[in-house]
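Chemist: Quick note on numbering: the UniProt record's numbering labels position 48 of the sequence shown as 48, and the sequence is numbered without any gaps.
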Amino acid sequence: MANTKEVAMLFDSSHCTGCKGCQVACKQWNMLPSKLGLNENKFSGTYQNPPDLNGDTRLVMTFDEKESGNKYQPINFAIGRRSCYHCTDAACVAICSSGALYKKENGVVAYDTDKCNGCTYCQSACPFDVPRFRPMDGCVDKCTLCIDRLEEGGIPACVKTCQPEALKFGPRDEMIALGQKRVEFLKKKGFDKAELYGVNEMGGLHVLQVCQFGHEAYGLPTDPKPNKMIGMMNAMRTVTGVGTAAVLAGLAVSFVAATGYRREKVTVEEAKKHWTPEQRATADREVKELLEKEASGK
Numbered sequence: 001m002a003n004t005k006e007v008a009m010l011f012d013s014s015h016c017t018g019c020k021g022c023q024v025a026c027k028q029w030n031m032l033p034s035k036l037g038l039n040e041n042k043f044s045g046t047y048q049n050p051p052d053l054n055g056d057t058r059l060v061m062t063f064d065e066k067e068s069g070n071k072y073q074p075i076n077f078a079i080g081r082r083s084c085y086h087c088t089d090a091a092c093v094a095i096c097s098s099g100a101l102y103k104k105e106n107g108v109v110a111y112d113t114d115k116c117n118g119c120t121y122c123q124s125a126c127p128f129d130v131p132r133f134r135p136m137d138g139c140v141d142k143c144t145l146c147i148d149r150l151e152e153g154g155i156p157a158c159v160k161t162c163q164p165e166a167l168k169f170g171p172r173d174e175m176i177a178l179g180q181k182r183v184e185f186l187k188k189k190g191f192d193k194a195e196l197y198g199v200n201e202m203g204g205l206h207v208l209q210v211c212q213f214g215h216e217a218y219g220l221p222t223d224p225k226p227n228k229m230i231g232m233m234n235a236m237r238t239v240t241g242v243g244t245a246a247v248l249a250g251l252a253v254s255f256v257a258a259t260g261y262r263r264e265k266v267t268v269e270e271a272k273k274h275w276t277p278e279q280r281a282t283a284d285r286e287v288k289e290l291l292e293k294e295a296s297g298k
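1. Confirm, please, whether the CB-CB distance from CYS116 to CYS87 is below 7 Å.
2. Sort out for me which residues DSSP pairs ALA78 with in a bridge.
3. With three or more C-beta pairs closer than 8 Å as the rule, is the stretch 150 to 158 touching the stretch 177 to 194?
4. Within the same chain, show all residues whose beta-carbon is closer than 8 Å to that of LEU186, passing over the 5 residues directly before and after it, in chain order.
5. On the premise that VAL207 lies in contact with MET9, defined as a C-beta separation below 8 Å, what is that separation, rounded to the nearest angstrom?
6. Do the stretch 91 to 103 and the stretch 16 to 23 make contact, defined as three or more Cβ pairs closer than 8 Å?
7. With respect to the beta strand (DSSP E) encompassing PHE133, which residues constitute its N-terminal and C-terminal limits?
8. From the DSSP output, read off the bridge partner residues of VAL210.
9. Let me check one thing: in DSSP terms, what residues is PRO171 bridge-paired to?
10. Should MET31 go down as buried or exposed, given a rule of 16 or more other Cβ atoms within 10 Å for buried?
11. Under the three-state reduction of DSSP, which class applies to ALA57: helix, strand or coil?
12. Closest to ASP141 by C-alpha separation, out of GLN163, LEU167 and TYR111, would be which residue?
13. Which residue or residues does DSSP assign as beta-bridge partners of CYS139?
14. Can you give me the C-alpha to C-alpha distance between ALA25 and LYS5, rounded to a whole angstrom?
15. If you check the beta carbons only, do ALA125 and ILE147 fall under 7 Å apart?
16. So, for LYS66: in the same chain, excluding its five sequence neighbours on each side, which residues have a beta-carbon less than 8 Å away from its beta-carbon?
17. Using the three-state DSSP reduction, which class does CYS87 fall into: helix, strand or coil?
18. Give me, in chain order, the residues of the same chain whose beta-carbon lies closer than 6 Å to that of GLU201; leave out the 5 immediate sequence neighbours on both sides.
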C-alpha cells in the first residue's frame with residue numbers, strides 16, 4: 001500500500017456485527033485516551049458509545065433501529081460508521097488557511113498538528129461534521145486512515161482487527177467493484193434500498209459504505225456539499241490592501257455564525273487562546289506591514 005495509487009476502505013454494513021473492535025483498535029494504535037472507564041458518558045439507551053466523535057475519538061459505530069417487516073424479528077439495526085471519509089473534494093483542506101490539512105496522492109486527507117491553529121473552520125466546513133477539537137493539544141483531530149501504517153505497507157488498524165470482514169482495504173477501483181457486487185447480492189435478497197455510498201459524493205470518497213437499508217438509514221447526507229462560505233474565504237485571500245485584515249476578520253465571524261461554530265462549546269475567542277506566540281507575532285507583523293504599505297501608497 002506504499003505506492004501512490006488511490007486507495008479506499010470499504011465498510012459493508014450487512015456484514016458488521018457491531019462488536020466495535022474497530023473502535024478499540026483505533027484507540028490503541030493511535031494512543032487515544034478513553035473516558036468510558038470513568039463512567040463519564042451517561043447511558044443513552046443505545047449500543048452507540050460514545051454518542052459521537054470527539055477530540056479523543058476518531059471512529060464511532062452508530063446504531064439506528066430499522067423496522068424489518070418480519071414479525072418474528074421486527075427490529076433490525078442499521079449499523080453505521082462515523083469517521084473521516086477522506087473526500088476527493090475535501091472541504092476541510094479547502095478552508096484550512098494554515099496548511100495543516102492536505103491531500104496525499106493516494107487520496108488520504110492527512111494533517112500536520114504543528115501547523116494547526118485550532119480555528120476549527122474545517123469542522124464547520126465539513127458536510128459530515130467530522131474534524132473535532134482537542135482542547136489539551138489546541139488542535140483538531142480526525143481519522144488519518146492510519147497513514148503511518150500505509151507508508152510501511154500495512155493496512156488501517158480497524159481493518160486489520162475486523163473479524164467478520166465488514167471492513168476491507170485496497171485500491172479504490174477494486175473496493176468500488178466489491179461494493180457494487182455486494183449491493184447486487186443484497187438487492188436479490190430483497191433489500192431494495194441497498195446502495196454503495198461514496199462513489200461520487202464530494203468528488204469521490206475514500207471510505208466507501210455498502211448501506212444495506214439505504215444511506216438515509218445511516219444518517220448519511222444526500223448529495224453532500226461543502227459550505228458555500230469556503231469560496232468566499234479563499235477568494236478573500238487574494239485581496240490586497242489595508243482592508244484585508246478587517247474584511248477577513250469580519251468574514252471569519254460571518255462564517256462562524258453561518259455554520260454554527262459553537263459545536264463542542266468552542267468560541268472564536270476561545271480558539272484564539274490556543275495560538276502560539278509565534279502565530280500571534282506573525283499575525284501582528286502581517287497587519288502592521290499592510291498598514292505601512294497602505295500609508296506609503298504603494
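Glycine included, C-beta positions come from ideal geometry on N, C-alpha and C.
If you're wondering where the values come from, they're calculated on a predicted model, not measured in any experiment.
Modeler: Here's the rundown:
1. To locate residue 87, count along the sequence shown from 1; it is residue 87. To locate residue 116, count along the sequence shown from 1; it is residue 116. No, they are not a contact pair.
2. On the sequence shown, position 78 is the one that residue 78 refers to. Note: ALA78 sits in a beta bridge opposite ASP64.
3. no
4. The sequence position of residue 186 within the sequence shown is 186, counting from 1. SER14, ALA194, VAL210 and GLN212.
5. Taking the sequence shown and counting its residues from 1, the one referred to as residue 9 is at position 9. Taking the sequence shown and counting its residues from 1, the one referred to as residue 207 is at position 207. Confirmed, Cβ separation roughly 5 Å.
6. no
7. One-based indexing of the sequence shown puts residue 133 at position 133. Note, PHE133: beta strand (DSSP E), 132 to 134.
8. Taking the first residue of the sequence shown as position 1, residue 210 is located at position 210. Beta-bridge pairing links VAL210 to ASP12 and LEU196.
9. Mapped onto the sequence shown, residue 171 falls at position 171. DSSP lists VAL7 as partners of PRO171.
10. Here residue 31 is taken as the residue at index 31 of the sequence shown, counted from 1. Per the 10 Å Cβ criterion, exposed.
11. Looking up residue 57 in the sequence shown gives position 57. Note that residue 57 is Thr in the sequence shown, not Ala. THR57 falls in the strand class under three-state DSSP.
12. Taking the sequence shown and counting its residues from 1, the one referred to as residue 141 is at position 141. With distances taken between Cα atoms, ASP141 lies closest to TYR111.
13. By one-based count along the sequence shown, residue 139 stands at place 139. CYS139 is bridged to ARG134.
14. Working through the sequence shown from its first residue, we reach residue 25 at position 25. Working through the sequence shown from its first residue, we reach residue 5 at position 5. Taking the straight line from one Cα to the other gives about 25 Å.
15. Looking up residue 125 in the sequence shown gives position 125. Looking up residue 147 in the sequence shown gives position 147. Against a cut-off of 7 Å, the Cβ pair of ILE147 and ALA125 comes out as no contact.
16. Position 66 of the sequence shown, counted from the start, is the residue given in the question as residue 66. ILE75, ASN76, PHE77, ALA78, PHE213 and ALA217, listed in sequence order.
17. Here residue 87 refers to the residue found at position 87 of the sequence shown. The answer is strand: DSSP assigns CYS87 an E or B state.
18. Position 201 of the sequence shown holds residue 201. Cβ within range, chain order: PRO224.
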